[in-house]
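FYI, in my numbering the residues of the sequence shown are 10 to 458. Even for Gly, the Cβ is constructed at its ideal location relative to N, Cα and C. Note that this is a predicted model, so its numbers are computed, not measured.
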Amino acid sequence: MSFLPQNFSINSKLIGGELVIGGCKATSLVAEFGTPLFVIDEADFKVRLNTWRSALVRHFGDQAGQVYYASKSFISVEVAKWISESGIGIDVCTGGELAVALAADFDPEKIEVHGNNKSEAEIARAIEVGVGKIVVDSHQEIERVNRLAKSAGKTQSVLIRVTPGIEAHTHEFISTAHEDVKFGFSLASGAAWKAIEEIEAAPNLKLLGLHCHIGSQIFDPEGFEAAATRLISLLAKYHQHFDRQLQELDLGGGYGIAYLPDEVTYDPDLAMSALAALVKAECLKNKIAIPMVSIEPGRAISGPTTTTLYEVGTTKNVELDNGAARRYIAVDGGMSENIRPALYGAQYFAILANRTSKATSTSSRLVGKHCESGDILISEIDLPSDINPGDLLAIPATGAYGRSMASNYNHVPRPAVVAVVDGTARVIVRRETQDDLLALDVKESPRKI
10 MSFLPQNFSI NSKLIGGELV IGGCKATSLV AEFGTPLFVI DEADFKVRLN TWRSALVRHF
70 GDQAGQVYYA SKSFISVEVA KWISESGIGI DVCTGGELAV ALAADFDPEK IEVHGNNKSE
130 AEIARAIEVG VGKIVVDSHQ EIERVNRLAK SAGKTQSVLI RVTPGIEAHT HEFISTAHED
190 VKFGFSLASG AAWKAIEEIE AAPNLKLLGL HCHIGSQIFD PEGFEAAATR LISLLAKYHQ
250 HFDRQLQELD LGGGYGIAYL PDEVTYDPDL AMSALAALVK AECLKNKIAI PMVSIEPGRA
310 ISGPTTTTLY EVGTTKNVEL DNGAARRYIA VDGGMSENIR PALYGAQYFA ILANRTSKAT
370 STSSRLVGKH CESGDILISE IDLPSDINPG DLLAIPATGA YGRSMASNYN HVPRPAVVAV
430 VDGTARVIVR RETQDDLLAL DVKESPRKI
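Laid out in structure tokens, this is it:
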């Protein structure tokens with residue numbers, strides 16, 4: 010038996026050269042369900058849910074708010090049931106994500122609704138089903154939520170998304186809290202305080218607290234601590250002005266995970282320990298009580314739990330300008346089920362999953378099947394030189410944003426998601442078919458409108 014690096018799920022092993030996930034052989038999974046295939050380690054997912062909740066409670070005690078699973082990372086009805094059973098909450102940012110949570114009979118009180126441009130229909134539905142809170146993101150949205158809550162005869166609890174001016178050490182496209190972004194109310198410009206005053210004057214809104222999210226794939230505490238410091242100052246200003254205190258401080262997510270063998274996933278206990286020490290010190294400094302502190306780990310839960318399996322279709326050796334050679338290995342998927350390398354320059358790792366190879370390693374490029382030069386899953390990796398058509402390759406840490414950002418580019422059906430545990434496997438999201446794609450086409454006579 011060989012051990013895998015920690016960017017694989019905790020129940021993944023190499024046995025006799027073959028990848029085994031949750032007690033299920035890669036070859037057996039592929040024979041039963043085909044490729045490409047998202048394989049989610051169910052036990053790992055549930056452990057990570059509980060680990061983040063336990064870390065929050067351990068370090069914040071009675072001031073531990075809610076862990077909200079960020080459903081944008083990956084959600085399905087079955088996964089929503091796992092989240093509900095764990096006792097934590099769920100964060101949704103569209104009507105579709107809300108529909109999935111409701112289909113899983115998720116407690117609406119534990120649902121938090123996000124989004125920088127929620128439609129009136131989405132807001133109305135959220136209010137109708139009784140979601141616990143809506144995170145407001147613009148001045149127009151304050152008016153909309155208040156108006157729609159009044160129409161429903163309700164008072165809606167809200168948080169304000171604050172942009173604290175923190176630029177986390179991450180890719181520009183996934184940095185969401187410095188000033189020049191589409192999200193939230195700027196703290197520096199005074200927009201956040203103006204939003205507070207507007208909500209306090211709105212009869213059908215109840216302001217519970219503040220929210221921020223400083224980015225994604227963050228590995229050090231400084232950004233979280235800086236954001237918390239600035240938001241606690243705003244909590245203190247609110248307390249001084251209104252002579253009462255806001256109940257909740259939601260510091261979002263963005264905790265990094267290991268994609269490559271030499272990377273280390275952010276430890277929940279270390280993350281919460283550092284955050285708790287800072288929050289307690291700042292609240293003492295500002296002479297306010299410690300609020301309920303909530304977090305939103307999505308990628309940190311879902312990301313490491315899933316491995317994508319591919320079948321090799323073609324290989325070719327290409328001579329480079331410097332006289333060296335590169336081996337191109339094309340698999341039966343690509344940017345349609347993992348857009349992150351093309352979109353963000355994200356880096357991944359792969360292994361030969363169906364057998365042991367004694368061949369020497371060679372410089373390789375792992376590419377997809379799409380008619381697009383940018384369809385590259387891994388730009389540079391050393392893989393065995395004898396990888397050929399029919400072999401299986403496995404890419405770990407694809408649980409976050411793989412299936413959730415998947416597309417039908419080139420009219421390729423999206424892959425299935427299979428949950429494995431204790432040697433059993435079951436489909437939780439079925440593979441799309443060409444019939445699914447064709448079902449959206451209609452033949453309709455022109456009509457005046």
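(message) Need the endpoints of the alpha helix (DSSP H) that L111 sits in, please.
(response) G104 to A112
(message) One question on the structure: do H68 and A285 come within less than 8 Å of each other, judged by their Cβ atoms?
(response) yes
(request) Could you name the residues that DSSP lists as bridge partners for N326? (result) R336
(request) Along the beta strand (DSSP E) that carries G218, what are the first and last residues, could you check? (result) L214 to H220
(message) Measuring straight from C-alpha to C-alpha, what distance separates F228 and A448?
(response) 44 Å
(request) Rank D114, S311 and A52 by C-alpha distance to the C-alpha of A79 and give the top, closest one. (result) S311
(message) Less than 8 Å between the beta carbons of P424 and R440, yes or no?
(response) yes
(message) According to DSSP, simplified to helix, strand and coil, what is P300?
(response) coil
(request) Whole angstroms is fine: what's the gap from L244's alpha carbon to L293's? (result) 12 Å
(request) Apply the 10 Å Cβ neighbour rule to C380 and answer buried if 16 or more other Cβ atoms are within range, or exposed otherwise. (result) exposed
(message) At 3 residues or longer, what runs of the beta strand (DSSP E) sit wholly inside the segment 14 to 96?
(response) 21 to 24, 27 to 30, 46 to 50 and 73 to 79
(request) Kindly confirm or deny that the segment 13 to 33 and the segment 350 to 370 touch, where touching means at least three C-beta pairs closer than 8 Å. (result) yes
(message) In the DSSP assignment, the alpha helix (DSSP H) including A245 goes from what residue to what residue?
(response) E231 to F251
(message) Give me the DSSP bridge partner(s) of K142.
(response) E121
(request) Grab me the residues of P277's own chain with a C-beta within less than 7 Å of its C-beta, minus the 5 sequence neighbours each way, in chain order. (result) T60, W61 and A64
(request) Can you have a look at A108 and say buried or exposed, based on whether 16 or more other CB atoms are within 10 angstroms of its CB? (result) exposed
(message) Rounded to whole angstroms, what is the Cα-Cα separation between K55 and I19?
(response) 11 Å
(message) Can you look up G162 in the DSSP assignment and give me helix, strand or coil?
(response) coil
(message) Tell me which residues share the same chain as K127 and place their Cβ nearer than 7 Å to its Cβ, disregarding the 5 neighbours each side in the sequence.
(response) E150
(request) Could you spell out where the alpha helix (DSSP H) holding V288 opens and where it closes? (result) P277 to K294
(request) Work out the CA separation of G218 and K203 for me, nearest whole Å. (result) 14 Å
(request) In the DSSP assignment, find the unbroken beta strand (DSSP E) run with I208 in it and report its ends. (result) First-last for I208: A200 to E209, but that is the alpha helix (DSSP H), not the beta strand (DSSP E).
(request) Out of E207, I266 and A235, state which residue places its alpha-carbon closest to the alpha-carbon of S225. (result) I266
(request) For the beta strand (DSSP E) containing I99, list its first residue and its last residue. (result) G98 to V101
(request) Starting from the Cα of F233, find the closest Cα among G262, K215 and A210 and give me that residue. (result) G262
(message) Quick check on DSSP: helix, strand or coil for P393?
(response) strand
(request) Please state whether DSSP places E453 in a helix, a strand or coil. (result) coil
(message) Just to confirm my understanding: we take C102, look at its own chain, exclude 5 residues before and 5 after, and list those with CB closer than 7 Å. What are they?
(response) K81, H123 and G124
(message) Using 8 Å as the cut-off, can you tell me whether the segment 310 to 330 makes contact with the segment 45 to 53, which would need three or more C-beta pairs spanning the two stretches below that distance?
(response) yes
(request) Taking V427 as the reference, give the member of I30, S382 and D100 with the closest Cα. (result) I30
(message) So for V421, helix, strand or coil by DSSP?
(response) coil
(request) Please decide whether N363 counts as near chain D, where near means a Cβ-Cβ distance under 8 Å. (result) In summary, chain D is missing from the structure at hand, where a single protein chain is found.
(request) Could you check which residue in N397, A406, V430 and I175 has the C-alpha nearest to that of A339? (result) N397
(request) Quick one: grab the DSSP three-state call for A434. (result) strand
(message) Which residue wins for smallest C-alpha separation from D445, given the options E121, Y77 and V421?
(response) V421
(message) Quick check: the Cα distance between G383 and L13, rounded to an integer number of angstroms?
(response) 29 Å
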